[in-house]
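Asks: With the first letter of the sequence shown counted as 1, position 90 gets the number 90 in the working numbering; the numbers rise by one all the way through. Even glycine gets a Cβ: it sits at the ideal position worked out from N, Cα and C. Please read all numbers here as calculations on a predicted model, not as lab measurements.
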Amino acid sequence: MGGFHLSGLIVVLVIGLLIASPKALQSMSRNVGKHVGQAKAIKEKVLAELPMEEISGISQSISKIPLSPQQAVHMLLTTEQEKKKRETKEERSPSSVEKSP
Numbered sequence: 001m002g003g004f005h006l007s008g009l010i011v012v013l014v015i016g017l018l019i020a021s022p023k024a025l026q027s028m029s030r031n032v033g034k035h036v037g038q039a040k041a042i043k044e045k046v047l048a049e050l051p052m053e054e055i056s057g058i059s060q061s062i063s064k065i066p067l068s069p070q071q072a073v074h075m076l077l078t079t080e081q082e083k084k085k086r087e088t089k090e091e092r093s094p095s096s097v098e099k100s101p
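#1: When you compare only the Cα positions, how much space is there between H35 and A41?
#2: Suppose contacts are defined by Cβ-Cβ distances below 8 Å. Is P69 in contact with M75 by that definition?
#3: Taking the C-alpha atoms as reference points, what is the distance between E91 and K64?
#4: According to DSSP, is H35 helix, strand or coil?
#5: Can you look up A20 in the DSSP assignment and give me helix, strand or coil?
#6: When you compare the CB of L67 with every CB in chain B, is at least one pair closer than 8 Å?
#7: Check for me: the alpha helix (DSSP H) holding I62 runs from which residue to which?
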């Protein structure tokens, strides 16, 4: 449905040739090409100036936000289970036992 097809592009070119002369169409297309090139250069400059580390950090934190109540409950339960596992590991590990002199 959306987008250009080859037949549509041909129709647009034929109508453009009928309305404007070939020389005018050539100069218009040259100007459009220059502007597209300038737009690409501006886009690359803006992307080079963006702090990508901060953007990636934000995108990672956004992925942790639950989108449904089920995801929120699942996240809460898994964090509680992880806390319990950590507590049991700390109780069993010998580093948590204090040595007396």
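Replies: Quick look at the numbers:
#1: Between H35 and A41, the C-alpha separation is close to 10 Å.
#2: No. Outside cutoff.
#3: Counting only the Cα atoms, K64 lies some 29 Å from E91.
#4: In the three-state scheme derived from DSSP, where H, G and I count as helix and E and B as strand, H35 is classed as helix.
#5: Reduced to three states, the DSSP call for A20 is coil.
#6: In the structure shown, chain B cannot be found, because there is only a single protein chain.
#7: That run of the alpha helix (DSSP H) goes M52 to S63.
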